[in-house]
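Take a look at the structure below.
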Amino acid sequence: MFFGNFYTFKFLYKSTLKYKQFLLKKSLQNLKSYRSSLKVLKKHSNRKIKQSNLE
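Numbering follows this note's numbering, with no gaps: position 34 of the sequence shown is 44.
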């Protein structure tokens, strides 16, 4: 009985670790995409400013 509990605990612990790593990866990916979109936005705004200056 004790060994069964131990193994289920071990399994749960490992799965929660994997889940946390998965969440971390997801948040990192979201951060990267957020940063890249920010860069794109900056480029666009810079272009608009340059165009308005040229006019």
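C-beta: ideal position from N, C-alpha, C; glycine also.
These figures come from a predicted structure and were not determined experimentally.
In its own chain, which residues sit with a C-beta less than 8 Å from the C-beta of residue i, not counting the 5 before and 5 after it?
i, result
"THR18", "none"
Suppose you measure from the CA of residue i to the CA of residue j; what does that come to, to the nearest Å?
i, j, result
"SER43", "LYS20", "35 Å"
"LYS58", "LEU22", "53 Å"
"LYS24", "LYS30", "10 Å"
"ASN76", "GLY14", "Look at the range of the chain in this structure, 11 to 65, and you will see that residue 76 is not part of it."
"HIS54", "ASN63", "14 Å"
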